[in-house]
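If you read the sequence shown in our numbering, its first letter stands for residue 54, the second for the next number, and so on. Data block below; observations after.
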Amino acid sequence: MSKEPPNFVVRGIFIGASIGVLGYLVGFLPNLPRAIALGMVPGFVAGITLARAHKAKNNDDE
């Protein structure tokens, strides 16, 4: 059974969208689709950053 690598970008997008929804529910943003989109953008960037850091860490170990 092969182990698949974690998909950091997708995870970051989902977490960012969830934070956007929480921001909408708290009342920071008045529009739900905009809140989701504004959460997904930094989540995407965070996922890319985490994937690059994980890749660099694995290259240093080998």
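Even glycine gets a Cβ: it sits at the ideal position worked out from N, Cα and C.
Closer than 6 Å by C-beta to residue i: which residues in its own chain qualify, once you throw out the five before and the five after it? Chain order, please.
i, result
"residue 102", "none"
What separation, rounded to the nearest whole angstrom, lies between the Cα atoms of residue i and residue j?
i, j, result
"residue 113", "residue 67", "29 Å"
"residue 90", "residue 84", "10 Å"
"residue 95", "residue 86", "15 Å"
"residue 81", "residue 97", "21 Å"
"residue 88", "residue 63", "18 Å"
Just to check my reading of the structure: residue i and residue j have Cβ atoms closer than 8 Å, yes? What is that Cβ distance to the nearest angstrom?
i, j, result
"residue 65", "residue 100", "3 Å"
Since residue i is in the alpha helix (DSSP H), which residue starts that stretch and which ends it?
i, result
"residue 75", "61-79"
Output needed for residue i: all residues of its chain with C-beta closer than 8 Å, excluding positions within five of it in sequence on either side, in chain order.
i, result
"residue 93", "66, 69, 70 and 73"
Note down, in chain order, each residue of its chain lying with its Cβ closer than 7 Å to the Cβ of residue i, except the 5 sequence neighbours on either side.
i, result
"residue 78", "none"
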